[in-house]
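Numbering (our numbering), first residue to last: 8 to 229.
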């Protein structure tokens, strides 16, 4: 049995918070797959790359991912640029890139490479938009987080306070990202079959972790 848990959901549904806390509780690795898209969007902007160029860059050795305990980090030319990936301008670029079928397919092998090879060792918590449906469809435990539009927009506005992102702007951008995620041709965001669905707007992060942990103990015989 693969030692992997997937955590999917739309923007600002609380995926990263749940994944980080759960990884700490289990002492497992945590991979926020969205950092891949944000990192590539950052490089696209910095180098003003065309579509053919960004696909070539994906297969280059000019970037790497490091799975840290508090966040997934993106290195570009050996420089950690993770702090620069969480801006409104990168949000939009990453969302546009993620809707591009060839690009999503090109990133799949890099994401699957983090699957633990030793079943007796640490496991992996993979968080994103399509981890349970596309990247790790055989994951023994799949979690899907939901939250109301207002809850998610308020979270995004708080997270982007340095950009002075207003609630109305957050709502508009969120709905457009949700539409792209639902309607893209390849690997649209959807509730994985057999997943454990939770509402992060009605439960505290700590309560969510405990509920998922109960499932972890049952499935992985902890």
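Glycine is no exception: its CB is placed at the ideal position from the N, C-alpha and C atoms. What you are looking at is a predicted structure, and each value in this text was computed from that prediction instead of being measured.
Best match in 41, 73, 33 and 122 for proximity to residue 15 [C-alpha to C-alpha] = What you label residue 15 is simply residue 8 of the chain shown in a count that begins at 1. Ranked by how close their Cα comes to the Cα of residue 15, the residues 41, 73, 33 and 122 have 41 in first place.
In three-state DSSP terms, what is residue 223?
-> Here the question's residue 223 lines up with position 216 in the chain shown. DSSP places residue 223 in the helix class (H, G or I) of the three-state scheme.
Using only alpha-carbon positions, find the residue among 9, 150 and 133 that is nearest to residue 218.
-> Here residue 218 refers to the residue found at position 211 when the chain shown is read from its first residue. Comparing Cα positions, the closest option is 150.
State the Cα-Cα distance for the pair residue 44 and residue 221, rounded to the nearest angstrom.
-> Along the chain shown, one-based indexing puts residue 44 at 37. Along the chain shown, one-based indexing puts residue 221 at 214. Residue 44 and residue 221: Cα-Cα distance of roughly 31 Å.
At what residues does the beta strand (DSSP E) containing residue 206 begin and finish?
-> The count along the chain shown starts at 1 and reaches residue 206 at position 199. Run containing residue 206: 203 to 206, per the beta strand (DSSP E) assignment.
Could you spell out the range, first to last residue, of the alpha helix (DSSP H) harbouring residue 117?
-> Against the chain shown, residue 117 aligns to sequence position 110. The continuous alpha helix (DSSP H) containing residue 117 extends over residues 108 to 119.
For the beta strand (DSSP E) that residue 15 lies in, which residues bound it at each end?
-> Residue 15 sits at position 8 when you count from the first residue of the chain shown. From DSSP, the beta strand (DSSP E) with residue 15 extends over 11 to 16.
What is the residue span of the alpha helix (DSSP H) that residue 96 lies within?
-> Here residue 96 refers to the residue found at position 89 of the chain shown. If you look at residue 96, you'll find it in the alpha helix (DSSP H) that goes 95 to 105.
Are residue 164 and residue 156 close, meaning C-beta to C-beta below 9 Å?
-> Working through the chain shown from its first residue, we reach residue 164 at position 157. Working through the chain shown from its first residue, we reach residue 156 at position 149. With respect to residue 156, residue 164 sits apart: the two C-beta atoms are not nearer than 9 Å.
Give the single residue among 57, 95, 94 and 135 whose Cα lies nearest to the Cα of residue 79.
-> Within the chain shown, numbered from 1, the residue matching residue 79 stands at position 72. For residue 79, the closest C-alpha among the options 57, 95, 94 and 135 is that of 135.
Same chain, Cβ closer than 6 Å to residue 70, neighbours up to 5 away in sequence not counted | Looking up residue 70 in the chain shown gives position 63. 83, listed in sequence order.
Would you give the residue range spanned by the beta strand (DSSP E) that residue 178 belongs to?
-> Position 171 of the chain shown holds residue 178. First-last for residue 178: 174 to 190, but that is the alpha helix (DSSP H), not the beta strand (DSSP E).
For residue 86 and residue 194, the rounded distance between their alpha carbons = Against the chain shown, residue 194 aligns to sequence position 187. Against the chain shown, residue 86 aligns to sequence position 79. Cα to Cα, the separation comes out at about 31 Å.
Apart from the five residues just before and just after residue 13, which ones in its own chain have a Cβ nearer than 6 Å to its Cβ?
-> Locating residue 13 in the chain shown gives position 6, where the first residue counts as 1. Correct list, in chain order: 133, 138, 139, 143, 146 and 149.
Find out if the Cβ-Cβ distance for the pair residue 47, residue 104 is shorter than 9 Å.
-> By one-based count along the chain shown, residue 47 stands at place 40. By one-based count along the chain shown, residue 104 stands at place 97. Yes, the Cβ-Cβ distance between residue 47 and residue 104 is below 9 Å.
With a cut-off of 9 Å, does the C-beta of residue 75 fall near any C-beta of chain B?
-> Considering every chain present, this structure includes no chain B. It has just one protein chain.
Which of helix, strand or coil does DSSP assign to residue 77?
-> Residue numbering aside, residue 77 sits at position 70 when the chain shown is read from its first letter. Residue state, collapsed to three classes: coil.
If you drop the 5 nearest sequence neighbours on each side, which residues of the same chain put their C-beta closer than 8 Å to that of residue 123?
-> In the chain shown, the residue the question calls residue 123 occupies position 116. Excluding sequence neighbours, residue 123 sits near 9, 10, 11, 36, 129, 130 and 131.
Considering residue 150, what are the terminal residues of the beta strand (DSSP E) in which it resides?
-> Indexing the chain shown from 1 puts residue 150 at position 143. 148 to 153 is the span of the beta strand (DSSP E), which, as asked, contains residue 150.
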